[in-house]
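In our numbering, the protein residues as written are 165 to 386. Glycine is no exception: its CB is placed at the ideal position from the N, C-alpha and C atoms. Have a look at the structure below, then the notes.
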Amino acid sequence: MLSSRLAPPSDLGKQSILWLAGLAAALVYLNLHPVSLLMPDSPGYIYFDASRPVGYPFFLAVNKLFAGSYEFVGPVQIVMLALSSALVGSVVAHTTQRWTIAVVLEIGLLAYPALFKSASAIGSDPLSICLYLWFIASLFWFGARPSLRRYLPLCLIVFLGITVRPVSIAMVPGALAAGLYFLGLKSAIRSSGPILAAAILGICITPAANFFYTGALGPPRR
Numbered sequence: 165m166l167s168s169r170l171a172p173p174s175d176l177g178k179q180s181i182l183w184l185a186g187l188a189a190a191l192v193y194l195n196l197h198p199v200s201l202l203m204p205d206s207p208g209y210i211y212f213d214a215s216r217p218v219g220y221p222f223f224l225a226v227n228k229l230f231a232g233s234y235e236f237v238g239p240v241q242i243v244m245l246a247l248s249s250a251l252v253g254s255v256v257a258h259t260t261q262r263w264t265i266a267v268v269l270e271i272g273l274l275a276y277p278a279l280f281k282s283a284s285a286i287g288s289d290p291l292s293i294c295l296y297l298w299f300i301a302s303l304f305w306f307g308a309r310p311s312l313r314r315y316l317p318l319c320l321i322v323f324l325g326i327t328v329r330p331v332s333i334a335m336v337p338g339a340l341a342a343g344l345y346f347l348g349l350k351s352a353i354r355s356s357g358p359i360l361a362a363a364i365l366g367i368c369i370t371p372a373a374n375f376f377y378t379g380a381l382g383p384p385r386r
């Protein structure tokens, strides 16, 4: 029973290549000439500006907690982007067995230097892109063996995505459509509750955090 769940050696070798490609790309981009860490809107994220969604400032705070400064935010984001690209390629390959498509997809992501250049600075785009990549990977993982348990990661990613950039609410229709297509109408109705709850919680957490810290639900009027 256990052996039937393990990937064959040939698949493990191909999976290793996909992940090694991601690690190699991360090393290449880490050694390129770095751009300035601070962008015009970086202070707003660092100081939890009430006009910013709370997800990315919290991500920066966690980085600072472990690293002691914001110096390593760029490298962390570069590694996250590279490994997220490898994750998408790996999941697509594993669930569809179309290795050529997976390799082309991963190379297309890793060979886009503007993506990694933006990751060198403090800004929410790299983390938001990572979450979209995780969402795509989770869709393929869910579609391979549909179940309510496999649907829960989609809910978590939708929540996190909205806390980083509210426009990520665009994930919700895709998640609902996937539930309807793979689970059928009855189970899709059950699965719509968690995804809608995740979206609502993601929308509400920023004003709730602002109220907790400043006593106001939104940014101050100028």
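Run the CB neighbour count on residue i, radius 10 Å, all protein chains shown included, and call it buried at 16 or more, exposed below.
i: Asn374; result: buried
i: Ser167; result: Because Ser167 sits at a pLDDT of 37, beneath the cut-off of 50, its placement in the model cannot be relied upon, and the following sentence gives the value as read from the coordinates. Classification for Ser167: exposed.
i: Glu270; result: buried
i: Phe346; result: buried
i: Leu291; result: buried
i: Ser284; result: buried
i: Ala363; result: buried
i: Ile286; result: buried
i: Arg169; result: Note that Arg169 scores a pLDDT of 47, beneath 50, so its modelled location is shaky and nothing firm can be said.
i: Leu224; result: buried
Let me check understanding here. Comparing Cα to Cα, which of the options lies closest to residue i?
i: Trp305; options: Ser332, Ala278, Gly343, Ser284; result: Gly343
i: Tyr377; options: Phe212, Leu184, Phe280; result: Phe212
i: Leu303; options: Ala339, Leu229, Ile181, Met244; result: Ala339
i: Pro337; options: Leu360, Ser288, Ala188; result: Leu360
i: Gly177; options: Arg313, Ala257, Tyr276, Phe280; result: Ala257
i: Lys148; options: Ile210, Ser215, Leu349; result: What the structure shows of the chain is the stretch from 165 to 386, and residue 148 is not part of that stretch, so it cannot be assessed.
i: Ser200; options: Asp175, Phe236, Gly253; result: Phe236
i: Leu191; options: Gly208, Pro207, Met244; result: Met244
Taking only the alpha-carbon atoms, compute the straight-line gap between residue i and residue j and give it to the nearest angstrom.
i: Cys319; j: Met203; result: 31 Å
i: Ser332; j: Phe299; result: 10 Å
i: Tyr296; j: Ser180; result: 23 Å
i: Asn195; j: Tyr234; result: 18 Å
i: Gly443; j: Arg309; result: Here the chain comprises residues numbered 165 to 386, so residue 443 is not present and cannot be evaluated.
i: Phe222; j: Leu274; result: 26 Å
i: Val267; j: Gln261; result: 11 Å
i: Trp335; j: Pro239; result: A small fix is needed here, since residue 335 is Met in this sequence, not Trp. One C-alpha to the other measures close to 27 Å.
i: Leu247; j: Leu184; result: 9 Å
i: Leu365; j: Phe323; result: 7 Å
i: Ile242; j: Pro317; result: 23 Å
i: Ile353; j: Ala188; result: 43 Å
i: Ala250; j: Ala301; result: 10 Å
i: Thr259; j: Ser355; result: 22 Å
i: Ser215; j: Ser288; result: 13 Å
i: Ile321; j: Gly186; result: 21 Å
* Quick check: the region 357 to 370 against the region 323 to 330, are there 3 or more CB pairs under 8 Å? -> Taking 8 Å as the limit for Cβ pairs, the verdict is that the region 323 to 330 does touch the region 357 to 370.
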